[in-house]
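**Student:**
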Amino acid sequence: MRDASALVLLVAGAAFVGAGTVGLFRFPDVLSRLHALAKADNLGFGLIVAGLVVRADSPATAVKLVLIWLLVLLASTTSAYLIAHRALHRDGGA
Amino acid sequence: MSAFAFYAATGVVLFALGLFRLVTATHLLRNVIALNVMGAGIFLFLVAIAYRNGPDRPDPVPHAMVLTGIVVAVSVTALALALVRRLHRETGRTSLAGEHDDTSPDPDAGADAR
Amino acid sequence: MVVAILVWLAAWALFTGRVFRSGVLFIAFGLTMAIAWVRLGAPDIALAEAAIGAGVIGVSILHAAVQMADRERREQRARPDGPPVEARTTVPPRWSRLRGRTLASLVAAGALGGILVGAVWRLPEAPAGLGPLVDARLSESGASHPVTAVLLNFRAYDTWLEIGVLLLTALAALAVRRETDLRTAIRSAGGDPLVASFTGQAVPVVILTGVLLLSVGTFGPGGAFQAGAMLGALGVLLYLAGHRAVTAIPGTTLRLWLMLGIVAFLIAAVAPLPAGDPLLRIPSGRATATILAIEVAVTASIALTLALLFVTAIPPRDPPMPPGRSDRA
Numbered sequence: 392m393r394d395a396s397a398l399v400l401l402v403a404g405a406a407f408v409g410a411g412t413v414g415l416f417r418f419p420d421v422l423s424r425l426h427a428l429a430k431a432d433n434l435g436f437g438l439i440v441a442g443l444v445v446r447a448d449s450p451a452t453a454v455k456l457v458l459i460w461l462l463v464l465l466a467s468t469t470s471a472y473l474i475a476h477r478a479l480h481r482d483g484g485a
Numbered sequence: 497m498s499a500f501a502f503y504a505a506t507g508v509v510l511f512a513l514g515l516f517r518l519v520t521a522t523h524l525l526r527n528v529i530a531l532n533v534m535g536a537g538i539f540l541f542l543v544a545i546a547y548r549n550g551p552d553r554p555d556p557v558p559h560a561m562v563l564t565g566i567v568v569a570v571s572v573t574a575l576a577l578a579l580v581r582r583l584h585r586e587t588g589r590t591s592l593a594g595e596h597d598d599t600s601p602d603p604d605a606g607a608d609a610r
Numbered sequence: 003m004v005v006a007i008l009v010w011l012a013a014w015a016l017f018t019g020r021v022f023r024s025g026v027l028f029i030a031f032g033l034t035m036a037i038a039w040v041r042l043g044a045p046d047i048a049l050a051e052a053a054i055g056a057g058v059i060g061v062s063i064l065h066a067a068v069q070m071a072d073r074e075r076r077e078q079r080a081r082p083d084g085p086p087v088e089a090r091t092t093v094p095p096r097w098s099r100l101r102g103r104t105l106a107s108l109v110a111a112g113a114l115g116g117i118l119v120g121a122v123w124r125l126p127e128a129p130a131g132l133g134p135l136v137d138a139r140l141s142e143s144g145a146s147h148p149v150t151a152v153l154l155n156f157r158a159y160d161t162w163l164e165i166g167v168l169l170l171t172a173l174a175a176l177a178v179r180r181e182t183d184l185r186t187a188i189r190s191a192g193g194d195p196l197v198a199s200f201t202g203q204a205v206p207v208v209i210l211t212g213v214l215l216l217s218v219g220t221f222g223p224g225g226a227f228q229a230g231a232m233l234g235a236l237g238v239l240l241y242l243a244g245h246r247a248v249t250a251i252p253g254t255t256l257r258l259w260l261m262l263g264i265v266a267f268l269i270a271a272v273a274p275l276p277a278g279d280p281l282l283r284i285p286s287g288r289a290t291a292t293i294l295a296i297e298v299a300v301t302a303s304i305a306l307t308l309a310l311l312f313v314t315a316i317p318p319r320d321p322p323m324p325p326g327r328s329d330r331a
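Chains as they are written, first to last, in our numbering: chain H, 392 to 485; chain F, 497 to 610; chain R, 3 to 331.
(1) Could you check if Ile566 of chain F is buried or exposed, using at least 16 other CB atoms within 10 Å of its CB as the buried criterion?
(2) Under three-state DSSP, which class holds Val248 of chain R?
(3) Considering only the alpha carbon of each residue, which of R:Leu240, R:Val298, R:Tyr159 lies closest to Thr564 of chain F?
(4) Near Arg41 of chain R, what residues of its chain come up, given a Cβ to Cβ distance below 7 Å and the 5 sequence neighbours on each side ignored?
(5) Would DSSP call Pro195 of chain R helix, strand or coil?
(6) With distances taken Cα to Cα, identify the nearest neighbour of Ala475 of chain H among H:Ala427, H:Val413, H:Ala406.
(7) For Phe17 of chain R, which residues from the same chain have a beta carbon less than 8 Å from its beta carbon, with the 5 sequence-adjacent residues on both sides left out?
(8) Would you decide whether Asp394 of chain H is buried or exposed? Buried here means 16 or more other CB atoms lie within 10 Å of its CB.
(9) Where do the ends of the alpha helix (DSSP H) carrying Glu586 of chain F lie?
(10) With H, G and I counted as helix, E and B as strand and the rest as coil, what does DSSP make of Leu16 of chain R?
(11) Would you say Leu132 of chain R and Asp555 of chain F are within 7 Å of each other, going by their C-beta atoms?
(12) Using the Cβ count rule (16 or more neighbours within 10 Å means buried), how would you classify Ala302 of chain R?
(13) Does Pro450 of chain H pass the burial test, meaning 16 or more other C-beta atoms within 10 Å, or should it be called exposed?
(14) Roughly how many angstroms lie between the CA atoms of Phe221 of chain R and Gly144 of chain R, to the nearest whole one?
(15) Within a Cβ cutoff of 7 Å, which residues of the same chain sit near Ile530 of chain F, ignoring the five residues on either side of it in sequence?
(16) Less than 8 Å between the CB atoms is what I'm expecting for Ala299 of chain R and Ala273 of chain R, so what's the real figure, rounded?
(17) Can you have a look at Leu461 of chain H and say buried or exposed, based on whether 16 or more other CB atoms are within 10 angstroms of its CB?
(18) Taking only three categories from DSSP, how would you classify Ser486 of chain H?
(19) Output, in sequence order along the chain, the residues in the segment 536-558 of chain F whose CB is closer than 9 Å to any CB in chain R.
(20) Would Gly435 of chain H and Phe407 of chain H qualify as a contact pair, given that the criterion is a beta-carbon distance under 7 Å?
(21) Output the boundary residues of the alpha helix (DSSP H) element that contains Ala544 of chain F.
(22) What does the Cβ neighbour count give for Leu242 of chain R, buried or exposed, with the cut at 16 atoms within 10 Å?
(23) Give the range of the alpha helix (DSSP H) segment to which Gly410 of chain R is assigned.
(24) Quick one: using the 10 Å Cβ neighbour count with 16 as the cut-off for buried, is Met392 of chain H buried or exposed?
(25) By DSSP, does Met35 of chain R sit in helix, in strand, or in coil?
(26) Assess, as a yes-or-no matter, whether the segment 229-242 of chain R is touched by the segment 135-151 of chain R under the definition of 3 or more beta carbon pairs within less than 8 Å.
(27) Is DSSP giving Phe418 of chain H helix, strand or coil here?
(28) Under the three-state reduction of DSSP, which class applies to His426 of chain H: helix, strand or coil?
(29) From Ile47 of chain R to Ala410 of chain H, what distance separates their C-alpha atoms?
(30) Just reading off the alpha helix (DSSP H) that Met232 of chain R is part of, what are its end residues?
(31) Are the C-beta atoms of Leu240 of chain R and some chain H residue less than 7 Å apart?
(32) Quick one: which chain H residues come within Cβ less than 7 Å of Val207 of chain R?
(33) Quick one: does Thr587 of chain F have its CB under 7 Å from some CB of chain R?
(34) Throw me the rounded Cβ distance for the Ala12 of chain R and Ser24 of chain R pair, which I believe falls under 8 Å.
(35) Which chain H residues sit within Cβ distance under 7 Å of Phe200 of chain R?
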């Protein structure tokens with residue numbers, strides 16, 4: 392039962408990350424690509440972490456996984472903002 | 497093929513690809529990347545050999561060597577980048593004298609067609 | 003499968019048209035290498051590769067590419083009658099010379115690759131390697147993790163000299179700089195609030211993780227190099243966020259700090275001499291404490307070296323594009 396739900400979560404997470412990657416390739420410009428990545432990848436990553444937490448062998452591991460998830464959220468937010476900022480101002484001023 | 501053969505072969509392929517690119521590319525940043533890919537190939541090769549000796553408890557000596565190698569590769573790459581930047585600052589070139597300049601490293605040369 | 007992705011990424015990174023894309027693909031390649039390391043049973047290497055192989059090197063390369071392009075664009079705008087950037091940098095190659103070189107390098111790459119394959123082909127079946135030797139003396143080494151024991155006890159000389167190499171590169175990078183005062187490398191990041199808050203939250207976490215990696219290295223994957231890599235990346239982060247942490251270190255302290263690793267090894271090496279023991283013989287009674295002390299010094303040196311290497315590569319008087327005014331030189 393645990394493994395089954397973990398499998399579902401992991402597959403769903405992978406599907407979302409894949410969708411984000413498709414968006415990365417197909418969208419025409421930086422900002423829309425960022426949009427695809429920020430939304431789909433973060434959700435996919437969250438689902439993957441959830442799947443791993445379900446399968447974690449100890450509470451300590453589960454806590455570490457959640458911390459990793461929070462850190463990645465923090466980092467991806469900041470980098471998405473920075474990329475968008477630079478793209479906006481480069482196109483605006485060039 | 498065994499796992500060892502896969503990884504060892506990959507290491508060799510990476511090394512060969514990197515070497516080829518190192519010689520044929522003139523843009524210095526490309527050379528830096530090629531050098532790093534070569535290094536990664538060799539590390540992979542070494543660790544594959546270590547893995548072959550004991551899949552459950554791999555030989556730690558090559559691991560230590562590769563760890564050392566990675567750190568040295570990082571510092572040498574950083575030094576190379578410092579030299580490249582200085583060269584670019586003084587002369588505006590991105591390749592060594594006597595070689596044709598590769599295309600400028602412009603990240604968004606014009607609008608991205610994709 | 004990992005193998006296929008590795009080769010594909012590497013080939014794409016090496017042969018793609020634009021240098022920036024090459025750098026990004028190289029970062030992806032480095033992270034995939036980290037996965038390969040885990041699959042090969044080398045978590046220590048995976049940690050180091052992820053932090054510095056993909057992180058610091060990738061960021062340095064991207065930074066160099068972007069800064070050089072920015073500078074060219076700025077110069078072109080400052081001299082509108084000068085030759086346009088494209089004309090100056092896309093001189094068509096002399097194809098005959100290029101073809102010869104391509105052929106020669108193909109042959110060389112193939113030959114060297116063949117030598118490597120041949121070396122492996124004739125290895126004896128399932129040799130034991132050095133693993134059992136390490137395991138036999140592991141208990142006296144001061145660390146229960148084999149890789150740490152090898153790095154800091156059995157092959158301590160190699161590590162000592164490697165720290166020496168690091169010191170050399172740091173000194174060389176400092177020498178390549180035209181301006182000798184590091185304080186000129188301060189960037190004006192504009193006080194972007196998001197970056198400031200991110201840095202404020204990330205710094206304590208990274209410090210904790212670095213210390214954790216260092217202390218765990220005695221028992222499991224981790225150790226001085228990984229911890230040094232994390233803290234070095236922290237220095238890079240602080241610098242990129244506009245903080246004066248790395249550039250404001252006074253010269254004497256800087257040099258002393260860089261030398262900490264080498265000096266620690268030197269002390270450990272010379273200490274056994276008066277008792278008649280050979281150089282760098284670590285007493286098995288106090289091995290753990292000795293190794294840990296050396297590791298702390300080495301971590302500090304590596305962290306500063308990595309951060310310094312990144313900072314010194316950046317020429318001063320190159321402020322980043324201030325927000326909203328990207329065409330003001």
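Built from N, CA and C at the ideal position, the CB exists for glycine as well.
**Tutor:** Checking against the coordinates, here is how it stands:
(1) buried
(2) coil
(3) R:Tyr159
(4) Val4
(5) helix
(6) H:Ala427
(7) none
(8) exposed
(9) 556-587
(10) helix
(11) yes
(12) buried
(13) exposed
(14) 10 Å
(15) Note that residue 530 of chain F is Ala in the sequence shown, not Ile. Hits under 7 Å: Gly514, Arg517, Leu518, Ala521.
(16) Incorrect: roughly 14 Å between the Cβ atoms, too far for contact.
(17) exposed
(18) Since the first residue of chain H shown is 392 and the last is 485, residue 486 of chain H is not available in this structure.
(19) Ala536, Gly537, Ile538, Phe539, Leu540, Phe541, Val543, Ala544, Ile545, Ala546, Tyr547, Arg548, Asn549, Gly550, Pro551, Asp552, Arg553, Pro554, Asp555, Pro556, Val557, Pro558
(20) yes
(21) 524-549
(22) buried
(23) Residue 410 of chain R is absent from the structure shown; chain R starts at 3 and stops at 331.
(24) exposed
(25) helix
(26) no
(27) coil
(28) helix
(29) 31 Å
(30) 226-242
(31) no
(32) Leu462
(33) no
(34) Contact doesn't hold; Cβ gap of about 11 Å is too wide.
(35) Leu465, Thr469
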